[in-house]
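Residue numbers (the working numbering), protein chains in the order written: chain A, -7 to 242; chain B, -7 to 242; chain C, -7 to 242; chain D, -7 to 242.
C-beta: ideal position from N, C-alpha, C; glycine also.
Bear in mind the structure is a predicted one, so any value in this text is a computation, not a measurement.
Comments concern the structure below.
4 protein chains.
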Amino acid sequence: MRDKVRVTVWNEYRHEKRSPEIAMIYPEGIHGAIAGFLRTQPDIEARTATLDEPEHGLTSEVLENTDVLVWWAHMANHEVKDEIADKVYWRVLNGMGLVVLHSGNLSKVFRRLMGTACSARWREAGEKHRLWVVAPGHPIVEGLGEYFEIPHTEMYGEFFDIPRPDELIFIGWFQGGEVFRSGCCWYRGRGKVFYFQPGHETFPIYHQREVQRVIVNAVRWAAPVSVVNFRDMAEAPWFPEPIEPFASDQ
Amino acid sequence: MRDKVRVTVWNEYRHEKRSPEIAMIYPEGIHGAIAGFLRTQPDIEARTATLDEPEHGLTSEVLENTDVLVWWAHMANHEVKDEIADKVYWRVLNGMGLVVLHSGNLSKVFRRLMGTACSARWREAGEKHRLWVVAPGHPIVEGLGEYFEIPHTEMYGEFFDIPRPDELIFIGWFQGGEVFRSGCCWYRGRGKVFYFQPGHETFPIYHQREVQRVIVNAVRWAAPVSVVNFRDMAEAPWFPEPIEPFASDQ
Amino acid sequence: MRDKVRVTVWNEYRHEKRSPEIAMIYPEGIHGAIAGFLRTQPDIEARTATLDEPEHGLTSEVLENTDVLVWWAHMANHEVKDEIADKVYWRVLNGMGLVVLHSGNLSKVFRRLMGTACSARWREAGEKHRLWVVAPGHPIVEGLGEYFEIPHTEMYGEFFDIPRPDELIFIGWFQGGEVFRSGCCWYRGRGKVFYFQPGHETFPIYHQREVQRVIVNAVRWAAPVSVVNFRDMAEAPWFPEPIEPFASDQ
Amino acid sequence: MRDKVRVTVWNEYRHEKRSPEIAMIYPEGIHGAIAGFLRTQPDIEARTATLDEPEHGLTSEVLENTDVLVWWAHMANHEVKDEIADKVYWRVLNGMGLVVLHSGNLSKVFRRLMGTACSARWREAGEKHRLWVVAPGHPIVEGLGEYFEIPHTEMYGEFFDIPRPDELIFIGWFQGGEVFRSGCCWYRGRGKVFYFQPGHETFPIYHQREVQRVIVNAVRWAAPVSVVNFRDMAEAPWFPEPIEPFASDQ
């Protein structure tokens, strides 16, 4: 029905350049790995952008031609320039989908879209994360079973300071005793946002079949909807003339 | 990605047989009109079923081969047999989509799925209904603008005794002074339900382009998601063995 | 501002009569234990009702004078008469609060109010249940910290076939590897419903301070709101006269 | 159960000083009128603060001693200093209630808490606004009937660019043909936010009984919940030690 979903995968791309161990897991960067499995889908096309490119690789031209932006970030959330974060923010309100991965919860764009601090408990102990499906009719779980597991990952735990999700998809169980809302959807303006917890850089999480499946599904879910003649979200339009005449006896 | 969505359009088919005026608007029945425009879509196939057929046309074989059931009902909600309503109910919990139109809000199946009375204020005055989009990123509004109008229809007004919608898509403005949650989504078990108010039998509402568009979009949204090895919703499975070993010091 | 909240605590009261071990934990029955700690609150008054009383102790007079009904049930959900379940159902839609405990998830009233099967995974292994607060601004968590634990209980696990909660309060972590939406709120008609997982009969769970605190808070939250001239929820009122005159050029 | 709710009513207080007509309606300012009716409640105490006071009257000491902040703003949203808006924002995440009135939808604090533009259609034609109750079990509608009317007001219409409300309380009907989500609740961090549309400065709206009732109810609903040992929302706490020991075979 629709042309291909045009995805841009954004990554800080710092860990991979600094740590040989991480580079071995992701020789083309985390962005390269994600773009790679997205490109295997006939209805998706993917390009990449990284922090150290001019304008972080997110020029107005790139953003205008992006249907869904996938965002991986961790150590350099504060280095993203405010004017770029601002452009991404308005693109989301005007319809672009946003898929935020792992520590992208503390990125400028996600925090601004959520309206909360987005902080959580955390621990690095390489423990198990089991993700339970709590929305089995939702397109983001297409192809999954009742749960799947990440064998070794970083723990994120509640209280996760997010607005109540519009759609709660996964609840995570952590071996060390915590739980987490590990997959959540929100509507913002004309755009859609999905947050997905899996993805610590020191584990080969984006090579795992179920994780790839969720990200592919999320890209399809987050793709823009074509509405006609809908206003730019930055406007608060003024309508001097009522649509309906006021009845005579008013 | 997916084969065609298999739709069954169910209708009481009583008004059309009793009233020549209604038969003129819908010479093939309301079900025929709806199946007709659904069939123009390359990714949808549609058949019909009606109240006076054996088992109301909803045999187990038909239901098992239905991805999305569209339901129009009005005067004969009480004539639907409990065992058929029961079968439809469980099919929805196990993944079949359900699109409930107009006075189908008082059908056995919808009321059971909602858990509430589903009653509302109402009036027949042929007045105007303007439907405002309040979820512009939702796939059910694809192709629409900020609002559209039904020129003449029956009024349904708040308080509409439904559970809070999981996704509120349209809010209706009625000329006589009422509002209505005119388009609402819910998740139930593995299935999805969409209620859409437009559709009184004495007006040619299902010939209107925007109404057709919404129903087509709703069929696509409500189509089942393929999960693997998910239990039948009628079961409460017993797991004697924990997934995780209890740690030694517990 | 308001007179006392009038609570009726309903219990099957079968386990306690059959098992000396359970009777030792709850010498006055589970209903007696719950009514006991509710009565320590100056703004709450509590009475009890049980399955084997005439009309299950839930006469129209009792229900009309109940602001919040607390419901504990397990082995005899099917013995509750349909006409009593029906009366309770309509009282909830017309404003009575309902607090459903533990295996009351499979009671006729709760299932009817939810519209789903309310089934879940389960296991009896006496394992640990840790309840994490995910709605720290909600009145039901007043007095609690980030989490609390039930040392030994029955496991209930996802997928829990409930409608999406209007307010998700607690997410439970189970030692054996499952998670559960352990505390959930819904609005139904003019009434409010809270489901709370803790409470297996073979453990002294209702003697635990945090559990008592949650039930007290839930009773206050579920107490009816006084609206004026609001219709009975069983009615779908007919309004021949529009509130607003139709404008002349319509 | 609880001491008095300590309310601070904040107002720009510009319209009243510039326009004799507005000053006649609100001789003590809009803040004075609101604080006045709040003070008639035995469980509420109220003080006021305005834009032109030092630190806009919102010193750290004032904010720390405010349970619920009521916010009226219109022409000078941009004059609120960022550092003050920032302090208010964090106080809300840490538990303070916020009741935002009328054109406060475009205030810095509300927009930051929502994560969206909060823009809407608008028109000044002195038309009628009828507010329908769609959550009759919610404490904010205590004492109301099925709807109430503001005889003459400014129109705000959909699409209103807000996140999906956690609780939608009122849907507004406007004489000129629009609808609006006129009363909405959100949870943010440990705090609660209520937005209420009525209140244009040129009409005596805050002298109307139903409007006063809603604001009193909203103050009670938004009052903080006492949780114990809950972290500051600005923190993302680090937990090196798991709560649960990792089982030996992991």
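Using the C-alpha atoms, what's the distance from residue j back to residue i?
i                  : j                  : result
Ser218 of chain A  : Ala25 of chain A   : 30 angstroms
Thr92 of chain D   : Trp64 of chain D   : One detail in the question is off: residue 92 of chain D reads as Val in this sequence, not Thr. C-alpha separation (whole angstroms): 7 angstroms.
Arg(-2) of chain C : Ala109 of chain D  : 44 angstroms
Trp124 of chain D  : Pro143 of chain B  : 23 angstroms
Met(-7) of chain C : Val133 of chain C  : Residue confidence for Met(-7) of chain C is low, a pLDDT of 44 falling below 50, so the modelled location carries little weight and cannot support an answer.
Pro234 of chain C  : Lys120 of chain B  : 12 angstroms
Trp82 of chain A   : Gly107 of chain A  : 14 angstroms
Thr145 of chain A  : Thr32 of chain A   : 26 angstroms
Ser11 of chain C   : Phe152 of chain C  : 29 angstroms
Asn3 of chain D    : Ala41 of chain D   : 7 angstroms
Gln204 of chain D  : Lys(-4) of chain A : 53 angstroms
Pro34 of chain A   : Arg6 of chain A    : 30 angstroms
Asp224 of chain D  : Asn209 of chain A  : 35 angstroms
Asn86 of chain D   : Gly96 of chain D   : 21 angstroms
Arg156 of chain A  : Asp158 of chain D  : 7 angstroms
Phe186 of chain C  : Leu43 of chain B   : 38 angstroms
Glu202 of chain C  : Phe140 of chain C  : 7 angstroms
Pro190 of chain D  : Ile197 of chain D  : 7 angstroms
Val1 of chain C    : Gly49 of chain C   : 10 angstroms
Gln200 of chain A  : Ile207 of chain A  : 11 angstroms
Gly21 of chain D   : Ala15 of chain D   : 7 angstroms
Pro216 of chain B  : Asp59 of chain B   : 6 angstroms
Which of helix, strand or coil does DSSP assign to residue i?
i                  : result
Gly118 of chain D  : strand
Leu93 of chain C   : strand
Ile245 of chain D  : Since the first residue shown for chain D is -7 and the last is 242, residue 245 of chain D is missing from the structure and cannot be characterised.
Ala228 of chain D  : coil
Ala25 of chain C   : helix
Ile235 of chain D  : coil
Leu61 of chain A   : strand
Phe188 of chain D  : strand
Val(-1) of chain B : strand
Pro143 of chain D  : strand
Glu8 of chain C    : helix
Ile36 of chain C   : strand
Phe172 of chain D  : strand
Leu55 of chain D   : helix
Leu123 of chain B  : strand
Arg223 of chain D  : coil
Tyr18 of chain D   : coil
Gly87 of chain C   : coil
With C-beta atoms as the reference, is residue i less than 9 angstroms away from residue j?
i                 : j                 : result
Met147 of chain C : Phe166 of chain C : yes
Leu61 of chain A  : Gly89 of chain A  : yes
Ala228 of chain A : Phe238 of chain C : no
His66 of chain A  : His94 of chain A  : yes
Thr194 of chain C : Ile17 of chain C  : yes
Trp114 of chain A : Gly149 of chain A : yes
Pro232 of chain C : Ala112 of chain B : no
Val126 of chain C : Gly164 of chain A : no
Arg104 of chain B : Arg104 of chain C : yes
Lys73 of chain D  : Ser52 of chain D  : no
For the putative contact between residue i and residue j, defined by C-beta atoms under 8 angstroms, what is the C-beta separation to the nearest angstrom?
i                 : j                 : result
Phe222 of chain D : Gly129 of chain C : That pair is no contact at about 10 angstroms.
Val84 of chain B  : Gly175 of chain B : The pair is not a contact, with the Cβ atoms about 18 angstroms apart (cut-off 8 angstroms).
Gly169 of chain B : Arg39 of chain D  : The pair is not a contact, with the Cβ atoms about 39 angstroms apart (cut-off 8 angstroms).
For residue i, return the contacting residues in chain G, with the cut-off set at a CB-CB distance below 9 angstroms.
i                 : result
Phe140 of chain C : Given the protein chain composition of this structure (A, B, C and D), no chain G is represented.
Item to check | chain C contacts made by the region 63 to 94 of chain B, where a contact means CB separation under 7 angstroms | outcome: Only Leu85 from the region 63 to 94 of chain B bring a Cβ to less than 7 angstroms from some Cβ of chain C.
Next on the checklist: At a CB distance below 8 angstroms, what residues from the region 112 to 127 of chain C approach chain A? Give them in sequence order.
Outcome noted: Taking 8 angstroms as the Cβ-Cβ cut-off against chain A, the residues of the region 112 to 127 of chain C that qualify are Arg122, Trp124, Val125, Val126, Ala127.
Next on the checklist: Counting only Cβ-Cβ distances shorter than 9 angstroms, please list the residues of the region 224 to 238 of chain B near chain D, keeping chain order.
Outcome noted: Legend: CB atoms of the region 224 to 238 of chain B lying less than 9 angstroms from CB atoms of chain D belong to residues Glu236, Pro237, Phe238.
Next on the checklist: Any C-beta of chain D within less than 8 angstroms: which residues of the region 196 to 208 of chain C qualify?
Outcome noted: Residues passing the 8 angstroms Cβ filter: none.
Checklist entry - Relative to chain C, which residues along the region 24 to 37 of chain D have a C-beta separation below 9 angstroms, given in chain order? => result So the close ones are Gln33, Pro34, Asp35.
Item to check | Contact residues within the region 131 to 164 of chain B, judged by C-beta distance below 8 angstroms to chain C | outcome: Cβ contacts with chain C: Met147, Gly149, Phe151, Asp153, Pro155, Arg156, Asp158.
Checklist entry - For the region 169 to 199 of chain B, which residues have a beta carbon sitting closer than 8 angstroms to at least one beta carbon of chain C? => result Along the region 169 to 199 of chain B, the positions whose C-beta sits under 8 angstroms from a C-beta of chain C are Gly169, Glu170, Trp178, Tyr179, Arg180, Gly181, read in chain order.
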